[in-house]
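Worksheet: one structure, shown below.
There are 2 protein chains.
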Amino acid sequence: MGIVVQKYGGTSVADPERIKAVAEHVAFTRSHGNDVVVVVSAMGKTTDNLISLANQVSSTHPGRELDMLLTTGERISMALVCMALADIGIDAVSFTGSQVGIITDTVHTKAKILEVKGDRLREALAAGKVAVVAGFQGVSTDREITTLGRGGSDTTAVALAAAVNADVCEIYTDVTGVFSSDPRIVPQARKLQRLDFEEMLEMAGAGSKVLALRSVEFARNHNVPLHVRSSFTWEHGTWVLDMSTINAQQSSKENAMEDPIISGVVHETGEAKVTVFGVADKPGISAALFEPLADANVNVDMIVQNTSKDGITDISFTVPKADLAAALKIVNTVAGELGAAGVTHDEAVAKISLVGAGMKTSPGVAAKMFRVLADAGVNIEMISTSTIRVSVVVGAANTEKAMRTLHTAFGLDSGQAYSAPLPERK
Amino acid sequence: MGIVVQKYGGTSVADPERIKAVAEHVAFTRSHGNDVVVVVSAMGKTTDNLISLANQVSSTHPGRELDMLLTTGERISMALVCMALADIGIDAVSFTGSQVGIITDTVHTKAKILEVKGDRLREALAAGKVAVVAGFQGVSTDREITTLGRGGSDTTAVALAAAVNADVCEIYTDVTGVFSSDPRIVPQARKLQRLDFEEMLEMAGAGSKVLALRSVEFARNHNVPLHVRSSFTWEHGTWVLDMSTINAQQSSKENAMEDPIISGVVHETGEAKVTVFGVADKPGISAALFEPLADANVNVDMIVQNTSKDGITDISFTVPKADLAAALKIVNTVAGELGAAGVTHDEAVAKISLVGAGMKTSPGVAAKMFRVLADAGVNIEMISTSTIRVSVVVGAANTEKAMRTLHTAFGLDSGQAYSAPLPERK
Numbered sequence: 405m406g407i408v409v410q411k412y413g414g415t416s417v418a419d420p421e422r423i424k425a426v427a428e429h430v431a432f433t434r435s436h437g438n439d440v441v442v443v444v445s446a447m448g449k450t451t452d453n454l455i456s457l458a459n460q461v462s463s464t465h466p467g468r469e470l471d472m473l474l475t476t477g478e479r480i481s482m483a484l485v486c487m488a489l490a491d492i493g494i495d496a497v498s499f500t501g502s503q504v505g506i507i508t509d510t511v512h513t514k515a516k517i518l519e520v521k522g523d524r525l526r527e528a529l530a531a532g533k534v535a536v537v538a539g540f541q542g543v544s545t546d547r548e549i550t551t552l553g554r555g556g557s558d559t560t561a562v563a564l565a566a567a568v569n570a571d572v573c574e575i576y577t578d579v580t581g582v583f584s585s586d587p588r589i590v591p592q593a594r595k596l597q598r599l600d601f602e603e604m605l606e607m608a609g610a611g612s613k614v615l616a617l618r619s620v621e622f623a624r625n626h627n628v629p630l631h632v633r634s635s636f637t638w639e640h641g642t643w644v645l646d647m648s649t650i651n652a653q654q655s656s657k658e659n660a661m662e663d664p665i666i667s668g669v670v671h672e673t674g675e676a677k678v679t680v681f682g683v684a685d686k687p688g689i690s691a692a693l694f695e696p697l698a699d700a701n702v703n704v705d706m707i708v709q710n711t712s713k714d715g716i717t718d719i720s721f722t723v724p725k726a727d728l729a730a731a732l733k734i735v736n737t738v739a740g741e742l743g744a745a746g747v748t749h750d751e752a753v754a755k756i757s758l759v760g761a762g763m764k765t766s767p768g769v770a771a772k773m774f775r776v777l778a779d780a781g782v783n784i785e786m787i788s789t790s791t792i793r794v795s796v797v798v799g800a801a802n803t804e805k806a807m808r809t810l811h812t813a814f815g816l817d818s819g820q821a822y823s824a825p826l827p828e829r830k
Numbered sequence: 405m406g407i408v409v410q411k412y413g414g415t416s417v418a419d420p421e422r423i424k425a426v427a428e429h430v431a432f433t434r435s436h437g438n439d440v441v442v443v444v445s446a447m448g449k450t451t452d453n454l455i456s457l458a459n460q461v462s463s464t465h466p467g468r469e470l471d472m473l474l475t476t477g478e479r480i481s482m483a484l485v486c487m488a489l490a491d492i493g494i495d496a497v498s499f500t501g502s503q504v505g506i507i508t509d510t511v512h513t514k515a516k517i518l519e520v521k522g523d524r525l526r527e528a529l530a531a532g533k534v535a536v537v538a539g540f541q542g543v544s545t546d547r548e549i550t551t552l553g554r555g556g557s558d559t560t561a562v563a564l565a566a567a568v569n570a571d572v573c574e575i576y577t578d579v580t581g582v583f584s585s586d587p588r589i590v591p592q593a594r595k596l597q598r599l600d601f602e603e604m605l606e607m608a609g610a611g612s613k614v615l616a617l618r619s620v621e622f623a624r625n626h627n628v629p630l631h632v633r634s635s636f637t638w639e640h641g642t643w644v645l646d647m648s649t650i651n652a653q654q655s656s657k658e659n660a661m662e663d664p665i666i667s668g669v670v671h672e673t674g675e676a677k678v679t680v681f682g683v684a685d686k687p688g689i690s691a692a693l694f695e696p697l698a699d700a701n702v703n704v705d706m707i708v709q710n711t712s713k714d715g716i717t718d719i720s721f722t723v724p725k726a727d728l729a730a731a732l733k734i735v736n737t738v739a740g741e742l743g744a745a746g747v748t749h750d751e752a753v754a755k756i757s758l759v760g761a762g763m764k765t766s767p768g769v770a771a772k773m774f775r776v777l778a779d780a781g782v783n784i785e786m787i788s789t790s791t792i793r794v795s796v797v798v799g800a801a802n803t804e805k806a807m808r809t810l811h812t813a814f815g816l817d818s819g820q821a822y823s824a825p826l827p828e829r830k
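If you read the sequences in order, they're chains A and B.
This note's numbering puts the first residue of the first sequence at 405, with every later residue one more than the last.
This note's numbering puts the first residue of the second sequence at 405, with every later residue one more than the last.
Written out as structure tokens, the structure is:
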């Protein structure tokens, strides 16, 4: 007997038939002796349709009103899932983010969770009920309804899993798991059986859309095992967990060297590159540039500063395309104040990343990556690395060629990425 | 400077263009120095679509979940109206029923308002903002979201108008006012300039769909003047108010005898007739029959008991067709216990009512009505009267003939129903 949190994305509850299938699967999970907490997204394109309506009535979308508008989508889903459960004899009760005690800060449209009270959730489970919770939303410290931004429903699910100390947080989606690359671009991409939190974090940060970065961070910080799987096939998907414990347990049985160095090739085309030319290379320049961007909630991703020449340098960084206009406005002002030579930007770029825990112990991954891209005639515009990731920015037109070449060159096209058994399902 | 509450029904906010038109009208009302509280219904067919979804996922609709589902419709409308107002420079803030402090009992899907706190509403108005409130919903004493049932948005508007002591509660709809009869059935029906609360109450109770009965009751009890008008033409519509004060004020100027005896001919085809035959005429029989129906929330409308013969009588009553199955189940059980001879029912009936404050002082209205119908060959199945209303149940096939004949016979086809001036608009 354990507690399972199941999060169903928009495609998983897109229509009445899908909602009934979800109810059946919840019943199935309960029949195996588990308490179940269900977290739902808005049905299919509901959120997009609501945003479209907002655009049609107004060019001004006050955050408080936008949050009120968008939170209705998940409320519709949760009520319908409860009804579908009632129809097959499962006692269920729905909760909004507010009702379940997801307390956030006051930043509308991208609020952060401060606390999960979860009293009503625990009471519902103790009463033998399935709890169905609206994802993506909370209530702020000043008692207004807030939304958690992109991927917010995943974050809701993980936060609730942590709050009730769930055995697993299952993320149901329209793909069967996390892949070594995007199968739409790299046809030979394979489903990964499991990944370490760190790898998943880097993949999400590098552009993998399967799991939102924030939800993986939350899962790692609270050690909530994730299971990413399909609500269309219900087959086992990809586990994301703390591999260090598992590898230690299994060291006698397995040879860690069988693991490939690289887990995946990830791309991100939603960012634009901004370059500030000819700024003085002196203390405080970066702060002067990036503090106002942070204050404006612009998410700066890669930052590269050239080696300075004659005390003058160039600074390049990437921002989400949606934030580009806001970023340029700020950067142009700051660049003027700093006496910079100019500001340029380029939207036709893609970030390609290699991610793998194995690269910690395998030197030369970055060098090999650069060589492979050079041989393929792909020019590299920016580079950034972490201990288990190497990212490059290239021209958008080179995206497919770069990904496929790297996928093959790093041995991801065939064979098992991981041969370790799955954790026992309770 | 006054306070105007404006309620916009589903057709008035059916699409982005209508929502923008509403915003313009709110701006217009403010430009005349009024504080404005807007109450919105769900857009167009939203509520019907949500009910359809519920039916598709389940045959079981727990009231709590149904209320959560349906309240999303008004929330979408209110957020969009606020955005449309922001777009034309009007500072607006939205409130759910819960946020504005509409406290209800715990009867899901048809909750009754116990109290309107309205603190946030008054604060918003004091801060110079337009308040936009989701109609049809409240929060129960046990803190669950509830809905107010049919016509709930009208009730919300009137309750808020009473809470802020508004000068008028304007009900915007897709017709230009209250008519002397349904223009789809009686082409010669005329728009009434004004009506007394009592008349509107009787008309709503007798089947007029323009205003919900509960909202008129609330308006009468709190003396909130109503103005029913069109959001498509924005022309002046029908005022519903306490005529006794106005008539007293204007007695020198006007001859009350100019008012016609009858204000309107109203029909109701949504009810069915149930007859219990051959029950003993003794104390407690009616209670035994109607108490369980009340307990099951079946709204019994007309009740007629025949003069008993040999201590045996028949009891007929009407119920909404939607409640007929539930009613018959109960009535059959009770009839068995009471030793009744049998139970029959008939769905092919219509209730036709004459309503008019003038009939208080004009004897013989009922007699004339029966004569007119007899001359037209319409058989009367049931009769019930109040001081300002006479209702008959006839076969559904006679609906049009009965209404048109009565409309003509009671002098409603031409001339001004009321010649009194409209109240001054502040």
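In this text, a Cβ means the ideal position worked out from N, Cα and C, and glycines have one as well.
Rounded C-alpha distance that separates residue i from residue j
i	j	result
Glu672 of chain A	Thr717 of chain A	27 Å
Phe774 of chain B	Gly609 of chain B	21 Å
Met604 of chain B	Val644 of chain B	7 Å
Ala726 of chain A	Val461 of chain A	20 Å
Ser544 of chain B	Glu548 of chain A	19 Å
Thr637 of chain B	Ala427 of chain B	15 Å
Ser416 of chain A	Tyr576 of chain A	7 Å
Pro687 of chain A	Asp750 of chain A	27 Å
Asn659 of chain B	Thr450 of chain A	Residue placement at Asn659 of chain B is flagged as unreliable, the pLDDT there being 43, under the threshold of 50; a coordinate-derived value is accordingly withheld.
Gly674 of chain A	Ala754 of chain A	8 Å
Ala813 of chain B	Thr433 of chain B	41 Å
Asp714 of chain B	Ala739 of chain B	19 Å
Val590 of chain A	Gly781 of chain A	18 Å
Val614 of chain B	Val582 of chain B	7 Å
Helix, strand or coil at residue i [DSSP, three-state]
i	result
Met786 of chain B	strand
Thr717 of chain A	strand
Lys686 of chain B	coil
Arg422 of chain B	helix
Val696 of chain A	Here residue 696 of chain A turns out to be Pro, not Val, going by the sequence shown. Pro696 of chain A falls in the helix class under three-state DSSP.
Val876 of chain A	Residue 876 of chain A falls outside the range modelled here, since chain A spans only 405 to 830, and no answer is possible.
Gly815 of chain A	coil
Val444 of chain B	strand
Within chain B, partners of residue i - CB distance below 8 Å
i	result
Gln410 of chain A	The premise fails here: Gln410 of chain A is roughly 17 Å from chain B at the closest Cβ pair, so nothing lies under 8 Å.
Leu454 of chain A	Ile480
Pro466 of chain A	Cys486, Met487, Ala490
Beta-carbon separation (whole angstroms), residue i vs residue j, contact threshold 8 Å
i	j	result
Val735 of chain A	Leu693 of chain A	7 Å
Arg524 of chain B	Gln503 of chain B	6 Å
Val572 of chain B	His626 of chain B	Between His626 of chain B and Val572 of chain B the Cβ distance is about 13 Å, and since that is not below 8 Å, they are no contact.
Leu529 of chain B	Val568 of chain B	7 Å
Ala684 of chain A	Val628 of chain A	Contact doesn't hold; Cβ gap of about 46 Å is too wide.
Thr550 of chain B	Thr508 of chain B	5 Å
Within chain A, partners of residue i - CB distance below 9 Å
i	result
Ala531 of chain B	Within 9 Å Cβ-Cβ: nothing; Ala531 of chain B doesn't reach chain A, min ~14 Å.
Interface partners of residue i on chain A, CB under 7 Å
i	result
Glu469 of chain B	Ala483, Cys486, Met487, Ser498
Where residue i meets chain B, residues with beta-carbon distance less than 7 Å
i	result
Ala458 of chain A	Leu484, Met487
Ile423 of chain A	Val461
Pro420 of chain A	Leu457, Gln460, Val461
Per-residue contacts from residue i into chain A (C-beta, under 8 Å)
i	result
Ser463 of chain B	Asp491
Give the residues from the stretch 499 to 515 of chain B that approach chain A closer than 7 Å (Cβ to any Cβ), ordered along the chain.
none
Within 9 Å of chain D by C-beta, residues of the stretch 473 to 492 of chain B in sequence order:
Looking for chain D here will not work: the only protein chains present are A and B.
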